[in-house]
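There are 2 protein chains.
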Amino acid sequence: MKWNMPPEEFRRYGHRIIDWIADYLEHIRDYPVLARLEPGELAARLPARAPEEGEPMEAILDDFERQILPAVTHWNHPRFHAYFSVSASPPGILAEALIAALNMNGMLWKTSPASTELEQVTLGWLRDWLGLPERFFGVIHDTASINAVHAIAAARFRIDPEVRSRGHAQPLTLYTSEFAHSSIEKGAMVLGIGLDNVRKIGVDEAWRMRVDLLEQAIRRDLAEGRKPFCVCATVGTTAVTSVDPVPEIASVAERYGLWLHVDAAYGGAAAVAEEFRWVLAGAERADSLVVNPHKWLFTPLDLSVLYTAHPDLLRRTFSVVPEYLRTAEDSRVVNLMDFGIPLGRRFRALKLWFIMRYFGRKAVAEIIRRHIRWAQEFAGRLLADGRFELAAPAPLSVVCFRLKGSDEDNRRLLEAVNASGRAYLSHTVLDGRYVIRFAVGHISTTEEDIDSAWQTISEEADRLGA
Amino acid sequence: MKWNMPPEEFRRYGHRIIDWIADYLEHIRDYPVLARLEPGELAARLPARAPEEGEPMEAILDDFERQILPAVTHWNHPRFHAYFSVSASPPGILAEALIAALNMNGMLWKTSPASTELEQVTLGWLRDWLGLPERFFGVIHDTASINAVHAIAAARFRIDPEVRSRGHAQPLTLYTSEFAHSSIEKGAMVLGIGLDNVRKIGVDEAWRMRVDLLEQAIRRDLAEGRKPFCVCATVGTTAVTSVDPVPEIASVAERYGLWLHVDAAYGGAAAVAEEFRWVLAGAERADSLVVNPHKWLFTPLDLSVLYTAHPDLLRRTFSVVPEYLRTAEDSRVVNLMDFGIPLGRRFRALKLWFIMRYFGRKAVAEIIRRHIRWAQEFAGRLLADGRFELAAPAPLSVVCFRLKGSDEDNRRLLEAVNASGRAYLSHTVLDGRYVIRFAVGHISTTEEDIDSAWQTISEEADRLGA
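Protein sequence lines correspond, in order, to chains Y and W. According to my numbering, the first sequence is numbered sequentially starting from 1. According to my numbering, the second sequence is numbered sequentially starting from 1.
What follows is the structure, given as structure tokens:
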């Protein structure tokens, strides 16, 4: 009977796993980026029931390598260019081991002073790196989707404090662009606002929200007796990384008394580099803003930051304190459970602290700057090659392009590139046309990786007769 | 300029961190369980700004030990007896390092076949350990609070599918006991149902929901034109670990067409031991059920499981699929993002797989059995000692007790025990009286730890003149 794992066994397998990770990160280019297997293949290979008797770590690690690994799509691969390219940097991985070992729950200050205070300190540091105002209060949740729910809920509470007790009252309307992330719609749906009350505002030729259409929509809703309460602007849309005109949107929000939420989950990180600080212009007028260190700040999934100019409103939106969670310190401290839905809170701030200290601001800025430069150069190559066209401007580190040809040609090109295992790209649809997305953002990506992706794309295009 | 951490440096500091964790777990009793510092003390010691230039790992790890560690309340301590006693077991810690290194995002099957399929496999294993029906479909989110939001949202969608588009319509009513976890109320509040529409049903002498009062409340709401839609039963309430009469509640739910959600976040784990399988009696009739492996199944925070008998309803409640997240495999696979709010999903299933395989069912059952036995013995000791009284039955591994004396005496006793650093207990209020809670549940807790806690309590009671 195993009552626990003996310390020496932990040490032995811990060293082995660290060595495995070091080798994995060093030789990761040997793996195909995209997993090559059929749906259900892994599940069919695994036993239908867990063992009655414990098994040796040796067997578990063997199965990890033989069974799990071939079913992994390698997000931590420098040639992962799909969606947004994200990284678990080595200092972040090391911090995750410590986070797990401490297993601290940051629900209350008392139950985890280190977690609560380090979260406030690191989010102050990040606020400074992004040039956001000091009055912004930050809190960490798992994902931008969950943070969107929090932001929209706070916006609703501001216009209707009775919502806590009475429930949602119709009809409140929310505004965002056609190119906003689906989590804004999902958030409004979950909160009981309803998709019919989400206005997806049209965009200009560069896929940025049109402020004139925003104002028209607000006026129409007011005229028809609805209550506009919130507008969500995006800094770096998922499809094309367009940056909404936040200063103009802020003016409209102020004119009509709307809560301004800025979804800078991906794009916000660019502001760490001085010359890209423009992406957050106007964000200082936001009521809330989300940025995801697990996207472009080299932090292992998950760590999404919600900033708000109204911490007291956020607290009043969510706080429910049962007797068993009261502490003698309550009046003197921040209890982070009061600012959101989850009660359990991992010590996520530790990984951000490791990463910000290990790299420092200058290196983070330089890495981001390089990613953007490489994306621009990649776009230049596409343009110089007669077979391709750009499908949208590429203001940051994602390039949307297509073969001059049919949607089917482009679909086949994407599938061929991904099947090669040498790169993984994703797609979107713009103006009804199928478009390929090439995202740069992994900390280990090199110019050679970008060259390699270009070669693969070019060769596969040749093969398709383009 | 640091572009990344070199592999050899990762290896060196990785080994050092593994050794540190091994020492930490082995000598953890040397630390006071509860952090000893004043609010703001850690934050004041840390720099107000992050460094411009990167710092050596040496400095970061030194500060971790000198600054962070003294501010840690040690949740992974065998003498942590507050709230629920939880554990990050060694195989779970090792798995966390791998989860971070792979950094896989389980949003779509294609983006992480290993994550999607292992999640379904391990949740099938767990379902089997708990004796739940095979038709239950499981999905992992961070916390029981977030899972409660999902369950209640699905319940609302079932009675009102228009909620997705139209938004929440009044008045839907939800039922739970006075002793349900605060996350049920918070969930209803967030979803726009409103606290006024949450009926907190009274309890019997053992703090279990009274089914007669439940039925009365439903009838009253029906008579007054409201729509009862959901009842949440609790298996192991946070305050006293009472187990609601789920079979009788299920019958009422069926009679009135209510969605039955069972919150077994803590108590469900007891069902792994055959003689405690009674805690989940009736749960096979639930529409949804939550159990938290990060509570009593030795899994590092966070990993909460939501089971539902209606996966298709759950999917239809939450699914919003933008073009850029469509894949060729969509019709043949489960894309877990469709079953909830978060898009980003860590590869959490890996840690549950490590733990279930490493220990096996028999050892897990035996450890849980031992925790319950020790809690019962502790209750016996309290009763045998003339100074104390039990404040509630202790059906599982938590004992609620008080000094025979004033609330102030009990508050002073709790504070003295916690200040000793030798144990950490928490409190609640029952029938208006201050009550001390003693929770057993850490994988490394021994009989000597329980003895030590008892000695500390007894000595501090002496010192208070009890």
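Where is the CB? At the ideal position from N, CA and C, for every residue including glycine.
query                                                                                                                        : result
Near-chain W residues of the stretch 92-105 of chain Y (beta-carbon distance less than 9 angstroms), N- to C-terminal order  : Gly-92, Ile-93, Leu-94, Ala-95, Glu-96, Ala-97, Leu-98, Ile-99, Ala-100, Ala-101, Leu-102, Asn-103, Met-104, Asn-105
Bridge-paired residues (DSSP) for W:Phe-136                                                                                  : In DSSP, W:Phe-136 forms no bridge with anything.
Residue span of the alpha helix (DSSP H) that contains Y:Ala-264, given as start and end                                     : Premise fails: Y:Ala-264 is in no alpha helix (DSSP H) and is neither H nor E.
7 angstroms Cβ shell around Y:Ala-281 - same chain, five flanking residues per side excluded                                 : Val-246, Pro-247
Whether Y:Phe-401 touches Y:Glu-389 by CB criterion (9 angstroms)                                                            : yes
Local Cβ density within 10 Å of Y:Met-356, reported as buried at 16 or more and exposed below that                           : buried
Y:Thr-445 - DSSP class collapsed to helix/strand/coil                                                                        : coil
Interface residues of chain Y facing W:Asp-128 [CB-CB closer than 9 angstroms]                                               : Ala-48, Arg-49, Ala-50
Which of helix, strand or coil DSSP assigns to W:Ile-436                                                                     : strand
Test: W:Arg-226 CB closer than 9 angstroms to a CB of chain Y                                                                : no
Spatial neighbours of W:Arg-348 in its chain, beta-carbon cut-off 6 angstroms, leaving aside the 5 residues before and after : Ile-140, Leu-303
Contact with chain Y by W:Leu-132, beta-carbon distance below 9 angstroms                                                    : no
Selection from W:Val-252, W:His-261, W:Val-279 that minimises the alpha carbon distance to W:Ser-242                         : W:Val-279
Under 9 angstroms between C-beta atoms of W:Ile-436 and W:Asn-410                                                            : yes
Whole-angstrom distance between Y:Tyr-83 and Y:Thr-468, CA atom to CA atom                                                   : Residue 468 of chain Y lies beyond the residue range present for chain Y, which begins at 1 and ends at 466; the question has no answer from this structure.
9 angstroms Cβ cutoff met for W:Leu-306 and W:Val-290                                                                        : yes
Y:Tyr-358: contacting residues in chain W (beta-carbon distance under 9 angstroms)                                           : Lys-2, Met-5, Gly-54, Glu-55, Pro-56, Met-57, Ile-60
Y:Lys-200 in three-state terms, based on DSSP                                                                                : strand
Nearest-angstrom Cβ-Cβ length linking W:Gly-360 and Y:Pro-51, presumed shorter than 8 angstroms                              : 5 angstroms
Cβ shell of W:Ile-461 (< 7 angstroms), same chain only, five flanking positions each side left out                           : Position check: residue 461 of chain W holds Ala in this sequence, whereas Ile was assumed. Excluding sequence neighbours, W:Ala-461 sits near Arg-387, Leu-403, Leu-413.
Cβ-Cβ distance between Y:Ile-471 and Y:Phe-276 below 9 angstroms                                                             : Outside the displayed span of chain Y (1 to 466) sits residue 471 of chain Y, for which this structure offers no information.
Within-9 angstroms CB hit, W:Lys-200 to chain Y                                                                              : no
Cβ of W:His-310 within 9 angstroms of any chain Y Cβ                                                                         : no
Those residues which DSSP pairs with Y:Val-231 across a bridge                                                               : Y:Tyr-175, Y:Leu-260
Beta bridge counterpart(s) of W:Met-209 as assigned by DSSP                                                                  : W:Val-203
Euclidean distance between Cα positions of W:Phe-354 and Y:Gly-54                                                            : 10 angstroms
Other residues of its chain near Y:Met-57: CB distance less than 6 angstroms, five sequence neighbours each side excluded    : Tyr-13
Alpha-carbon spacing of Y:Glu-284 relative to Y:Pro-133, whole angstroms                                                     : 6 angstroms
Chain W residues whose Cβ lies nearer than 9 angstroms to that of Y:His-261                                                  : The contacting residues do not exist; Y:His-261 stays about 16 angstroms from chain W at best.
Among W:Ala-384, W:Asp-385, W:Arg-369, W:Gly-421, nearest to W:Val-398 - alpha-carbon criterion                              : W:Arg-369
DSSP three-state assignment for Y:Val-149, whether helix, strand or coil                                                     : helix
The alpha helix (DSSP H) enclosing W:Thr-317, as first and last residue numbers                                              : 311-318
Extent of the continuous alpha helix (DSSP H) to which Y:Thr-116 belongs                                                     : 113-130
Y:Ser-304 at chain W interface by Cβ criterion, 9 angstroms                                                                  : yes
Residue-level contact to chain Y via CB, W:Phe-388, 9 angstroms cutoff                                                       : no
CB of W:Asp-221 within 9 angstroms of CB of W:Leu-260, strictly                                                              : no
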